[in-house]
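**Q** Residue numbers (the numbering used here): 10 to 148. Here you go, one structure.
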Amino acid sequence: MSPSGTTRTFLASCKKYAQSYGVYLLTSRVVADGYLCLFLFDDKGKIIGGQRAVSLNLSYRGTLSRSTDLNIVRTKFGNLFLAVDVDIYRPEILRAAALSGAEIILSSQFIPLYDYQSQKTGPAGLPGGGQWGVYRQCQ
């Protein structure tokens with residue numbers, strides 16, 4: 010993935026933050042090469058993983074591309090999958106990631122009100138409702 014423009018500037022800021030504070034950093038959603046993406050920086054400021062969205066919410070359909078690849082990021086904390094935006098609500102994607110070796114799922118999303126469906130995501134926005142829905146499923 011080769012980000013440009015404001016995405017490149019944003020990622021440079023993320024790199025600087027991760028380096029300065031010695032932390033791993035998951036970005037918010039960014040657009041790179043026509044895909045909605047997440048990136049993971051290590052504590053040295055290096056991008057160690059990236060994932061393009063497999064599913065798109067209504068506001069991105071027709072304007073961004075969907076990926077078919079699932080990237081598992083191997084870290085000292087375990088094998089991570091970066092669930093982009095609404096991918097976190099697609100059990101088939103999470104299952105495929107787990108079968109590919111993911112032990113931990115990280116996510117960042119923003120769901121506009123017109124994309125929100127409480128019968129699908131639950132009252133707190135998670136499958137089955139409640140903020141611990143995904144946590145319980147991963148234990």
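Beta carbons are placed, not taken as given, at the ideal position from N, Cα and C, and that holds for glycine. None of these values were measured; they are calculated from a predicted model.
#1: Could you tell me the alpha carbon to alpha carbon distance between glutamate 112 and glycine 87, rounded to whole angstroms?
#2: Which residues mark the beginning and the end of the beta strand (DSSP E) in which isoleucine 57 is found?
#3: Restricting to Cα atoms, I'd like to know which of Asp52, Thr84, Arg38, Lys85 is closest to leucine 65.
#4: Which residues does DSSP pair with phenylalanine 48 in a beta bridge?
#5: Assuming arginine 75 contacts valine 63 (C-beta within less than 8 Å), just tell me the rounded distance between them.
#6: According to DSSP, is phenylalanine 86 part of a helix, a strand, or is it coil?
#7: Tell me, please, which residues DSSP counts as bridged to leucine 35.
**A** Concretely, from the data shown:
#1: 6 Å
#2: 56-61
#3: Arg38
#4: Gly59
#5: 6 Å
#6: coil
#7: Leu49
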